[in-house]
Each structure stands twice: as structure tokens, then as C-alpha cells.
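Student:
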Amino acid sequence: DCQSQLFHSLVIFRCKSCRHQITANDLEDWAYLQLDNPTHLLHGVVHSNGYGHLLRVNGREGGSKLLSGCEILDFWDRLCNMLRV
């Protein structure tokens, strides 16, 4: 019926270039893998309403060989100032 097809189309995403299908669960799993990746120095979110959240910092203790956590936080502050968030 139409309702089940509509719901199905809302939880399946398709890549526009290769037509590969991705479910909502696949996207959520990918996002958590990105947050747990120790090679990423920081994860932040900037909302369209102007609010920004720093979700995770990986300084020297968390994976960076060059930057401390304080230096990464300073970068986040400067980035937010430039973006006016």
C-alpha cells in the first residue's frame, strides 16, 4: 500500500552518483564510527540557527601527535568566531 512505500522511501537513502542504497541505520552507524575515530582531531556541529557544539576533542592524549587539546579548543573558538556562531 502507499503508506508502507512512503515510509520505506523515507528510511532508504540513495547516492545520486552511484545509486547505492543506504539505510538510516547505516548512516547512524557511520556517524558513530566517525566520532570514535581517533585520527580526527575534533568533531563539532554548527546548526543553521547559529549555535555550535563541540562534540569531541582528540588532543595529544587522544590521538594527535602535534596538537594539544587546548590548541584544538583554540582552533574551535577561532572557527566559531569566523563563522559567527
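For what it's worth, this note's numbering labels the leading residue of the sequence shown as 16, then goes sequentially. Note that CB positions come from ideal geometry on N, CA and C, so glycine has one too. Keep in mind the model is a prediction, meaning the values are calculated, not measured.
Roughly how many angstroms lie between the CA atoms of residue 56 and residue 71, to the nearest whole one?
Tutor: In a straight line, the C-alpha of residue 56 is about 8 Å away from that of residue 71.
Student: Are the CB atoms of residue 61 and residue 88 nearer to each other than 9 Å?
Tutor: Cβ atoms of residue 61 and residue 88: not closer than 9 Å.
Student: Short check: CB of residue 50 to CB of residue 58, under 9 Å?
Tutor: The answer is yes: Cβ separation under 9 Å.
Student: From this set, 30, 95 and 31, which residue's C-alpha is nearest residue 65's C-alpha?
Tutor: Ranking the options by Cα distance to residue 65, first place goes to 95.
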